[in-house]
Each structure stands twice: as C-alpha cells, then as structure tokens.
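Visitor: Just so we're on the same page, this note's numbering is the position in the sequence shown counted from 1, plus 2.
Built from N, CA and C at the ideal position, the CB exists for glycine as well.
Bear in mind the structure is a predicted one, so any value in this text is a computation, not a measurement.
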Amino acid sequence: AMPSAASLQAALNPAPVKSLYFVSRGDGSSEFSDDLAAHNRAVNKYQRGGK
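#1: Return the Cβ separation of residue 20 and residue 36 in integer angstroms, given the expectation that the two are a contact with Cβ distance under 8 Å.
#2: Rounded to the nearest angstrom, how far is the Cβ of residue 25 from that of residue 31, given a contact under 8 Å?
#3: How long is the line joining the alpha carbons of residue 6 and residue 18, rounded to whole angstroms?
#4: In the DSSP assignment, the beta strand (DSSP E) including residue 9 goes from what residue to what residue?
#5: By the 10 Å Cβ neighbour count, where 16 or more other Cβ atoms means buried, how is residue 12 classified, buried or exposed?
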C-alpha cells in the first residue's frame with residue numbers, strides 16, 4: 003500500500019517533541035515517553051495490567 007501524502011509530510015517534518023517511545027493504551031490512544039524508564043512504566047501499566 004502507498005503511504006498517504008499526510009504520512010509522507012509527517013515523516014519529512016516531524017513534530018518538535020522529545021518523545022522517542024510510545025505504547026498503545028488499548029482505547030485507540032497512545033502514551034508517549036521521553037525515556038526508556040518512562041516507557042517501561044507505561045508498558046507495565048497499559049499492556050501488562052500494572053504488573
């Protein structure tokens with residue numbers, strides 16, 4: 003499949019944020035994290051049920 007024009011624009015001009023990681027919250031939204039420790043906490047919270 004071909005990427006949309008909006009997808010190409012986003013790849014060429016990324017948002018000026020520090021977030022390097024993301025995880026799905028399970029409700030259609032995502033949690034973004036700036037570092038691996040925060041990402042791992044989000045994975046535990048949203049993907050592993052807080053374990």
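Guide: Reading off the structure:
#1: 5 Å
#2: In fact, because the Cβ distance is near 10 Å, the residues do not count as touching under 8 Å.
#3: 21 Å
#4: Residue 9 -> not in any beta strand (DSSP E); alpha helix (DSSP H) instead, spanning 7 to 14.
#5: exposed
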